[in-house]
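Take a look at the structure set out below.
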Amino acid sequence: FAKRAKCFWAQPQVEYLGHIVSATGVKMDPRKVAVVRDWPAPQNLQELRKFLGLTNYFRKFIKQYSVLAAPLTNLTRKGAFISLESWTSECQQAFEELKRVVADDITLAFPDHSLPFLVELLSDA
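If you read the sequence shown in this note's numbering, its first letter stands for residue 23, the second for the next number, and so on.
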């Protein structure tokens, strides 16, 4: 059973699994955005995987995520990230672009079914 002390009612927004949910829509938790924004360039494969894991969690906010992340994802293949020499200018550009896009404070709005709206389907898989 739920404990009354842990229940909150009629809140304008709630934090839920790294997201802020409000009447207008869903956006990334600013604390998580700050973590991505301040992330230093990965020095090894483990750090790269951690960064990609975090940004992948928010991929629904990032248009064509897999295209943006492709240079970094390619480094996770077996034997690809051998040393820091593997980190090219293309990788650095992709890394900085992902950080920039995450910091854009995007809100995924809930549809208003009383108005016409356009659904855009993208497949970046």
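No residue lacks a Cβ here, since even glycine has one placed at the ideal position from N, Cα and C. Predicted model, so just to flag it, every value in this text is computed and none were measured.
Per the C-alpha coordinates, the member of K82, A32, L70, L137 positioned closest to P93 is L70. K85 places its beta carbon 8 Å or farther from that of L143.
By the Cβ rule, the stretch 128-139 does not count as touching the stretch 99-115, because fewer than three pairs are nearer than 8 Å.
In the DSSP assignment, L130 falls outside any alpha helix (DSSP H) and within the unbroken beta strand (DSSP E) covering 129-131. Residue range 47-50 is occupied by the beta strand (DSSP E) that includes K49. Under the three-state reduction of DSSP, Q35 is assigned to strand. Using a Cβ distance threshold of 8 Å, V58 and L76 count as a contacting pair. Of the candidates F139, W61, A125, the residue whose Cα lies closest to the Cα of P52 is A125.
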